[in-house]
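Novice: Following this message is one structure expressed as structure tokens.
Numbering (our numbering), first residue to last: 809 to 1190.
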């Protein structure tokens, strides 16, 4: 029994030494986290992943953007900062030590600024050796690819801009053949540029006006195809639908023009009156008077206060006037109302005098019996 008593103190001393040694092998990691705005980031998740022996630990930043995790075994760690559930930054090969905590800070604003500086340098081809040294092999390869793609894109953009500007200059000079050639080249360089197709379409339609017969029809068809390509890129552009409809009207495709203008009006209801008025003007200029009258009527239905549409509709109606046997002019119903509405809306408008003259003409009786002004009057009886 005495022997057992002598062994107990030694046993306790051994256990104490083992516990002390175990405690001494732990370490800690701490740091400050700043967000994209440069301010302390609260509630960000810091994942501490041991690399030499499997182990995962997590901690969140406090209201001052600080984090601290103690009791970590000595070893190599990867520390991942997550913001809103997504990795925002990573620190690799972090070696902890005994004693003071290992400090690992994160500054997202500084990271963003460095990335922007790198991208700007890559875009301009002025990436410095120091910037390149700071990249990992993967980042360096990605940056070199980005620089090469950027240079190729810049060369493509220059070629595109040169072709487009040549087309615009040709249009201004009314050199439609050269404009078509330039815009066609621009469309081949980048088929996704809707403005290229729209200007190509306009150039074709202007070129067609100087041609006749089958050649004119073929040129117009090319213009219509160009408008379709513009709308494929910008299917919600009411102005393109309007211009396409006017081109269809010039090609005498009236039903298609109306359907296209209806689509433009659906996209932009406030412009419906003007769309149909423009259609009417094109139809008048191409001698399609009945279709023009219907277009002016649709313009009024879309916008009853569209003064010029009221006047043009009145002109169309009075062209349909008939004359009674006694010489009285009988215009279709609504003619007087159209002119009077115009004068109410635009009493001093460009068509005001003409509208008053039209109203006055409705009150004139035309002489229907023929008399020869050259015939001699009978002699007076004595």
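Here a beta-carbon is modelled for each residue, glycine too, at the ideal position from N, C-alpha and C.
If you compare alpha carbons, which of 1096, 1106 and 874 is closest to residue 1077?
Specialist: Among 1096, 1106 and 874, the Cα nearest to that of residue 1077 belongs to 1106.
Novice: With distances taken from CA atoms, which of 1166, 1061 and 881 is nearest residue 1032?
Specialist: Among 1166, 1061 and 881, the Cα nearest to that of residue 1032 is on 1061.
Novice: Give the secondary structure of residue 884 by DSSP, where H, G and I count as helix, E and B as strand, and everything else as coil.
Specialist: Looking at residue 884 - three-state DSSP - the assignment turns out to be strand.
Novice: CB-CB under 7 Å to residue 911, same chain, minus the five flanking residues each way: which ones, in chain order?
Specialist: Here the set comprises 838 and 839.
Novice: Given a threshold of 16 other Cβ atoms within 10 Å of its Cβ, counted over all protein chains shown, does residue 1118 qualify as buried or as exposed?
Specialist: With 16 or more other Cβ atoms within 10 Å, it is buried.
Novice: What are the residues that DSSP puts in a beta bridge with residue 1130?
Specialist: 1138, per the DSSP bridge assignment.
Novice: Using three-state DSSP, classify residue 1067 as helix, strand or coil.
Specialist: Three-state DSSP puts residue 1067 in a helix.
Novice: Restricting to runs no shorter than 4 residues, where is the alpha helix (DSSP H) found entirely within the region 1079-1106?
Specialist: Entirely contained in the region 1079-1106, the alpha helix (DSSP H) runs reaching 4 residues are, in chain order, 1080-1093.
Novice: Can you tell me whether residue 1010 is buried or exposed, with buried defined as 16 or more other CB within 10 angstroms of its CB?
Specialist: Label assigned to residue 1010: buried.
Novice: Classify residue 985: buried if its beta carbon has 16 or more other beta carbons within 10 angstroms, exposed otherwise.
Specialist: With fewer than 16 other Cβ atoms within 10 Å, it is exposed.
Novice: Count the other C-beta atoms from every protein chain shown that fall within 10 angstroms of the C-beta of residue 1228, then say buried if there are 16 or more, exposed otherwise.
Specialist: The chain is shown only over 809 to 1190; residue 1228 falls outside these bounds and no answer can be derived.
Novice: Which same chain residues, not among the five before or five after residue 909, have their C-beta less than 8 Å away from its C-beta?
Specialist: Here the set comprises 835, 836, 837, 838, 876 and 878.
Novice: Pull up the distance between the alpha-carbon of residue 1057 and that of residue 993, whole angstroms please.
Specialist: The alpha-carbon atoms of residue 1057 and residue 993 are separated by roughly 27 Å.
Novice: For residue 1116 and residue 1083, which I take to be in contact (beta-carbon distance under 8 Å), what is that distance rounded to the nearest angstrom?
Specialist: That belief does not hold up - the Cβ atoms of residue 1116 and residue 1083 are roughly 13 Å apart, past 8 Å.
Novice: In this structure, what does DSSP give as the bridge partners for residue 864?
Specialist: According to DSSP, which records beta bridges pairwise, residue 864 is partnered with 857.
Novice: Could you tell me the alpha carbon to alpha carbon distance between residue 1166 and residue 1073, rounded to whole angstroms?
Specialist: The alpha-carbon atoms of residue 1166 and residue 1073 are separated by roughly 31 Å.
Novice: Do residue 1005 and residue 974 have their C-beta atoms closer together than 8 Å?
Specialist: For residue 1005 and residue 974, no; Cβs fall outside 8 Å.
Novice: Report the partner residues of residue 912 according to the DSSP bridge assignment.
Specialist: Answer by DSSP bridge pairing: none, since residue 912 is not bridged.
Novice: Roughly how many angstroms lie between the CA atoms of residue 893 and residue 1014, to the nearest whole one?
Specialist: Straight-line Cα distance between these residues: approximately 57 Å.
Novice: Relative to the alpha-carbon of residue 971, which residue among 949, 981, 982 and 997 has its alpha-carbon at the smallest distance?
Specialist: The option with the nearest alpha carbon to residue 971 is 997.
Novice: Would you tell me roughly how many angstroms separate the C-alpha atoms of residue 862 and residue 833, rounded to the nearest one?
Specialist: Distance between the alpha carbons of residue 862 and residue 833 is about 16 Å.
Novice: My guess is that residue 1016 and residue 1027 are in contact by the Cβ rule of under 8 Å, so how many angstroms apart are they, rounded?
Specialist: Yes, residue 1016 and residue 1027 are in contact; Cβ-Cβ is about 4 Å, under 8 Å.
Novice: For residue 835, write down the residues that DSSP places opposite it in a beta bridge.
Specialist: DSSP, once it has assigned bridges, lists 880 as partnering residue 835.
Novice: Suppose contacts are defined by Cβ-Cβ distances below 8 Å. Is residue 896 in contact with residue 889 by that definition?
Specialist: Closer than 8 Å, so yes.
Novice: When burial is assigned at 16 or more other CB atoms within 10 Å of the CB, is residue 1090 buried or exposed?
Specialist: Result: buried.
Novice: I'd like to check one pair, residue 1095 with residue 1121: are the Cβ atoms closer than 8 Å?
Specialist: Not closer than 8 Å, so no.
Novice: Using DSSP's beta-bridge definition, name the partner residues of residue 1110.
Specialist: Looking at the DSSP assignment, residue 1110 forms no beta bridge with any residue, so it has no partner.
Novice: For residue 1048, which of 1022, 874 and 1079 has the nearest alpha-carbon?
Specialist: Nearest option by C-alpha distance: 1079.
Novice: If distances are taken between C-alpha atoms only, which option among 1134, 1136, 1114 and 1143 comes closest to residue 1127?
Specialist: Of the listed residues, the one whose Cα sits closest to residue 1127 is 1143.
Novice: Buried or exposed: where does residue 1098 fall if 16 or more other Cβ atoms within 10 Å of its Cβ makes it buried?
Specialist: Exposed, by the Cβ-count rule.
Novice: Confirm, please, whether the CB-CB distance from residue 857 to residue 886 is below 8 Å.
Specialist: The answer is yes: Cβ separation under 8 Å.
Novice: Using the DSSP secondary-structure output, state which residues sit across from residue 848 in a beta bridge.
Specialist: Partner(s): 842.
Novice: Residues in the same chain with beta-carbon distance under 7 Å from residue 831, minus the five sequence neighbours each way, listed in chain order, please.
Specialist: Caution applies to residue 831, whose pLDDT of 47 falls short of 50 and renders its modelled position unreliable; the value that the coordinates give is listed next. No residues qualify anywhere along the chain.
Novice: Taking C-beta to C-beta, are residue 1154 and residue 1162 nearer than 8 Å?
Specialist: Their beta carbons are not under 8 Å apart, which means residue 1154 does not touch residue 1162 by this criterion.
Novice: For residue 904 versus residue 880, is the C-beta spacing smaller than 8 Å?
Specialist: Yes.
Novice: When burial is assigned at 16 or more other CB atoms within 10 Å of the CB, is residue 977 buried or exposed?
Specialist: Exposed: under 16 other Cβ atoms inside 10 Å.
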